[in-house]
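Numbered according to our numbering, the sequence shown terminates at residue 121, and the numbering increases by one at each position without gaps. So the structure is just underneath, and the comments pick up after that.
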Amino acid sequence: MLRELDYFYLNQPEPNKSCLLALRSIILDQDEHVTETKKYGMPCFCYKKKMFAYLWTDKKTEEPYILFVEGKLLDHPDLEQGSRAKMKILKVNPTKNIPLSKVEMLLNNALDLYRSGKLKV
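Structural data, given as structure tokens:
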């Protein structure tokens, strides 16, 4: 039986659907304590019930991205802050291979903020 959240992915046009489903799997595989829920109409990923990342698509380009809730604490040249106070995003081109090592490194850096106790869980 499909959950409401599954429809977010299934209603995306290709190639975004495949890209977002792959990103979902990558995020969930990073730690046994990562769970998925829906917040603000988009997939939200939590570490021990604390929000740490979202998946969404850019309104102008329609390309998928990963939003890191505590992005201000992450330093990587491919992360974009824009006008956000604390969040940063990593855009993912859905027509190219996902840069797996970069995505996993950034996800683990974000998770390490919680695992290390720097951020309260």
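Beta carbons are placed, not taken as given, at the ideal position from N, Cα and C, and that holds for glycine. Because the structure is a prediction, the values reported are computed rather than measured.
Bridge partners of GLU80 according to DSSP: ILE89. DSSP places VAL34 inside the beta strand (DSSP E), whose first and last residues are 34 to 39. Under the DSSP definition of a beta bridge, TYR54 partners with CYS44, LEU67. Counting only the Cα atoms, MET42 lies some 13 Å from PHE68.
One Cα belongs to MET105, the other to LYS48, and the distance between them is close to 19 Å. Here DSSP, grouped into helix, strand and coil, assigns ASP29 to coil.
Look at LEU107 here: in three-state DSSP terms it is helix.
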